[in-house]
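To start, the structure itself, in structure tokens.
Number of protein chains: 2
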Amino acid sequence: MTKARITVTLKQGVLDPQGKAIEGGLASLGFTGVDSVRQGKVFDVELQTTDPNQAKAELNDMCAKLLANTVIEDYSVEII
Amino acid sequence: MTKARITVTLKQGVLDPQGKAIEGGLASLGFTGVDSVRQGKVFDVELQTTDPNQAKAELNDMCAKLLANTVIEDYSVEII
Numbered sequence: 001m002t003k004a005r006i007t008v009t010l011k012q013g014v015l016d017p018q019g020k021a022i023e024g025g026l027a028s029l030g031f032t033g034v035d036s037v038r039q040g041k042v043f044d045v046e047l048q049t050t051d052p053n054q055a056k057a058e059l060n061d062m063c064a065k066l067l068a069n070t071v072i073e074d075y076s077v078e079i080i
Numbered sequence: 101m102t103k104a105r106i107t108v109t110l111k112q113g114v115l116d117p118q119g120k121a122i123e124g125g126l127a128s129l130g131f132t133g134v135d136s137v138r139q140g141k142v143f144d145v146e147l148q149t150t151d152p153n154q155a156k157a158e159l160n161d162m163c164a165k166l167l168a169n170t171v172i173e174d175y176s177v178e179i180i
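Protein chains in written order, with my numbering: chain A, 1 to 80; chain B, 101 to 180.
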């Protein structure tokens, strides 16, 4: 079994209204030293394969096909 | 300026319907070797402070107060 973590974040320059809302929320809670917040997604995936190279290839394929919108998002795959 | 990444994931045992839906989606795309998927959130935060200890304390406080629901979620803070 292979465990992996996929992190999907918005590309630089893409507006992140959810992050802005969190900035506002933090400010209203008294956290004044926050310059910016950007929100992304994380997927913890367990694969049956034990070959890390095969796992990585499969995970990248999953990102391109389903987990990330590559027009506006970047993704990174990490075997853990 | 301090950059940090906060990762919020569901605690073990907490049902993750979104993760289950992604598993179904991956299966229907032909990814048959997936044992489980669990989804979480990631926050990339920029703080004004340059003191990593102060930053870490503030970030933990943010998680406890706003970013994570500690009843069902775990969080980790990483200065990057």
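We put the CB at the ideal spot given by N, CA and C, even for glycine.
Can you find the residues in the same chain that come closer than 6 Å, C-beta to C-beta, to residue i, ignoring five residues on each side of it along the sequence?
i	result
Thr109 of chain B	Gly140, Asp174
Glu78 of chain A	Arg5
Ser76 of chain A	Thr7
Hey, how far is the Cα of residue i from the Cα of residue j?
i	j	result
Leu47 of chain A	Ser128 of chain B	16 Å
Val154 of chain B	Ala104 of chain B	The sequence as given places Gln at residue 154 of chain B; Val does not occur at that position. Near 12 Å, if we compare the C-alpha coordinates of Ala104 of chain B and Gln154 of chain B.
Thr107 of chain B	Ile6 of chain A	12 Å
Asn209 of chain B	Asp51 of chain A	Since the first residue shown for chain B is 101 and the last is 180, residue 209 of chain B is missing from the structure and cannot be characterised.
Lys56 of chain A	Met101 of chain B	34 Å
Gly24 of chain A	Gly124 of chain B	36 Å
Report, in whole angstroms, the separation of the C-beta atoms of residue i and residue j, which I expect to be a contact under 8 Å.
i	j	result
Phe159 of chain B	Val145 of chain B	The question names Phe, yet the displayed sequence has Leu at residue 159 of chain B. About 7 Å separates the two Cβ atoms, so the contact holds.
Met162 of chain B	Leu26 of chain A	6 Å
Thr49 of chain A	Gly133 of chain B	6 Å
Against chain C, with Cβ distances strictly below 7 Å, would residue i count as a contact?
i	result
Ser136 of chain B	Annotation note: the requested chain C is absent from the structure, which comprises protein chains A and B.
Relative to the alpha-carbon of residue i, which residue among the options has its alpha-carbon at the smallest distance?
i	options	result
Ile122 of chain B	B:Asp135, B:Ile180, B:Phe143, B:Ser176	B:Asp135
Ile72 of chain A	A:Lys56, A:Gly13, A:Ala57	A:Gly13
Gln18 of chain A	A:Arg38, A:Gly30, A:Lys11, A:Gly33	A:Arg38
Is residue i near the ligand SAH - that is, is its Cβ less than 6 Å away from at least one heavy atom of it?
i	result
Gln48 of chain A	Questions concerning the ligand SAH fall outside what the structure shown contains, since it holds no ligand whatsoever.
For residue i, which residues from the same chain have a beta carbon less than 8 Å from its beta carbon, with the 5 sequence-adjacent residues on both sides left out?
i	result
Val142 of chain B	Arg105, Ile106, Thr107, Val108
Ala64 of chain A	Thr70
Lys20 of chain A	Val37
Ile80 of chain A	Lys3, Ala4, Arg5
Leaving aside the five residues before and after residue i along the sequence, list all residues of the same chain whose C-beta is less than 7 Å from its C-beta, in chain order.
i	result
Lys111 of chain B	Ile172, Glu173, Asp174
Proximal residues, the segment 42-56 of chain A versus chain B, C-beta separation under 8 Å = Among the residues of the segment 42-56 of chain A, those with a Cβ less than 8 Å away from any Cβ of chain B are Val42, Phe43, Asp44, Val45, Glu46, Leu47, Gln48, Thr49, in the order of the chain.
Closer than 7 Å, Cβ to Cβ, to anything on chain B: give me those residues from the segment 1-21 of chain A, in chain order.
-> Residues Met1, Thr7, Thr9.
Which residues, taken in chain order from the segment 67-78 of chain A, show a beta carbon closer than 8 Å to some beta carbon of chain B?
-> Cβ contacts with chain B: Leu67.
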